[in-house]
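K.L.:
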Amino acid sequence: MNAKTAKKPRGLRSASDEGGVAAIIPAAGSGLRMGLDLPKQFLKVEGVPLLSMTLRAFQDCPLVDSIFLVVPSDDIEYAEREIVRPFGLSKVCKVIAGGALRHQSVLAGLEATEGRYPFILVHDGVRPLVDAETISEVIKTGKKFQAVTVGYPAADTIKEINANHEVVRTLDRRGLWLVQTPQFFRYSDLIEAHRKADKEHWEDVTDDCLLVERLGIKVRIVVGPRNNIKMTYPEDKDLLPSLLSSRASKIKDN
Numbered sequence: 724m725n726a727k728t729a730k731k732p733r734g735l736r737s738a739s740d741e742g743g744v745a746a747i748i749p750a751a752g753s754g755l756r757m758g759l760d761l762p763k764q765f766l767k768v769e770g771v772p773l774l775s776m777t778l779r780a781f782q783d784c785p786l787v788d789s790i791f792l793v794v795p796s797d798d799i800e801y802a803e804r805e806i807v808r809p810f811g812l813s814k815v816c817k818v819i820a821g822g823a824l825r826h827q828s829v830l831a832g833l834e835a836t837e838g839r840y841p842f843i844l845v846h847d848g849v850r851p852l853v854d855a856e857t858i859s860e861v862i863k864t865g866k867k868f869q870a871v872t873v874g875y876p877a878a879d880t881i882k883e884i885n886a887n888h889e890v891v892r893t894l895d896r897r898g899l900w901l902v903q904t905p906q907f908f909r910y911s912d913l914i915e916a917h918r919k920a921d922k923e924h925w926e927d928v929t930d931d932c933l934l935v936e937r938l939g940i941k942v943r944i945v946v947g948p949r950n951n952i953k954m955t956y957p958e959d960k961d962l963l964p965s966l967l968s969s970r971a972s973k974i975k976d977n
């Protein structure tokens with residue numbers, strides 16, 4: 724799949740770093756599950772888009788060299804004008820059109836890097852409470868292992884149900900973890916996994932770790948903060964209002 728990219732607008736950084744870490748931020752969702760008229764990543768808290776909050780954490784992490792932002796094809800100019808430039812997100816070097824499925828959007832971001840970065844981070848654009856410290860920990864651990872994700876142990880009881888919403892069985896939560904992003908990979912592993920998924924039309928892909936697991940690569944988990952939630956449903960925006968407001972204020976102060 725070829726990545727459709729916009730012309731590099733004035734004010735966006737050139738992808739000139741030979742080596743290092745590139746962050747791919749897929750943010751090409753429609754916002755339908757949140758019942759919104761606009762993509763959820765563009766939703767604002769105190770005038771600051773959720774996506775800008777997400778990008779700020781990667782901007783502030785000294786171990787991240789460049790950011791590749793993936794958005795709906797119709798929103799490229801909007802993202803450059805309203806998300807990137809107003810908030811000084813100078814590490815964003817390309818804004819790319821995403822695909823219909825998440826893994827297609829990540830592949831578009833990977834191809835846009837042109838193989839210049841040996842290490843790749845992938846992070847959901849609608850996880851705005853990620854912090855630079857968590858990102859740094861994932862990168863440091865990732866450079867020691869082949870693939871790394873952030874997550875935390877399941878605390879609630881987890882049950883498997885059938886189509887009638889009847890409980891089939893209760894899972895032993897010991898050893899079960901809730902997986903978040905960012906996720907860290909070697910470029911060569913991730914591009915191989917994504918091209919295989921694209922060629923074979925995999926549609927059951929929920930995260931990038933699943934792809935590399937199917938190549939036989941072991942993924943290591945590091946403990947992350949529980950508040951690193953993915954904004955998916957309408958009530959999610961109201962779960963952590965004080966943290967979102969604090970993040971928005973810091974970005975505006977910068």
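When we follow the numbering used here, the leftmost residue of the sequence shown carries the number 724, and every step to the right adds one.
Heads up, the beta-carbon is just placed ideally off N, CA and C, and yes, glycines get one too.
(1) What residues match up with L844 in a beta bridge as DSSP calls it?
(2) My parser needs the alpha helix (DSSP H) runs of 4 or more residues fully inside the segment 891-947; what are they?
(3) What are the start and end residues of the beta strand (DSSP E) that includes V793?
(4) From the DSSP output, in three-state form, read off A877 for me.
(5) Under the assumption that P948 contacts T857 (Cβ atoms under 8 Å), give the Cβ distance between them as a whole number of angstroms.
(6) What three-state label does DSSP hand M757 in the structure shown?
(7) According to DSSP, is K973 helix, strand or coil?
(8) Could you give the C-beta distance for H826 and L934, rounded to a whole number, given that I count them as a contact under 8 Å?
(9) Are the CB atoms of C816 and S796 nearer to each other than 8 Å?
(10) Taking 7 Å as the limit between beta carbons, can you name the residues of its chain near V945, skipping five residues before and five after?
(11) Cutting at 8 Å between CB atoms, please list the residues of its own chain near E915, excluding the five before and the five after it.
P.N.:
The relevant details are as follows:
(1) Beta-bridge pairing links L844 to A746 and F907.
(2) 910-923 and 931-936
(3) S789 to V794
(4) Three-state result, A877: coil.
(5) 6 Å
(6) Bear in mind that a pLDDT of 49 at M757, under 50, signals an unreliable position, so the number given afterwards is only what the model happens to contain. Secondary structure at M757: helix, using DSSP grouped into helix, strand and coil.
(7) helix
(8) That belief holds up - the Cβ atoms of H826 and L934 are roughly 7 Å apart, short of 8 Å.
(9) no
(10) E860, V861, T864, V871 and V873
(11) L938
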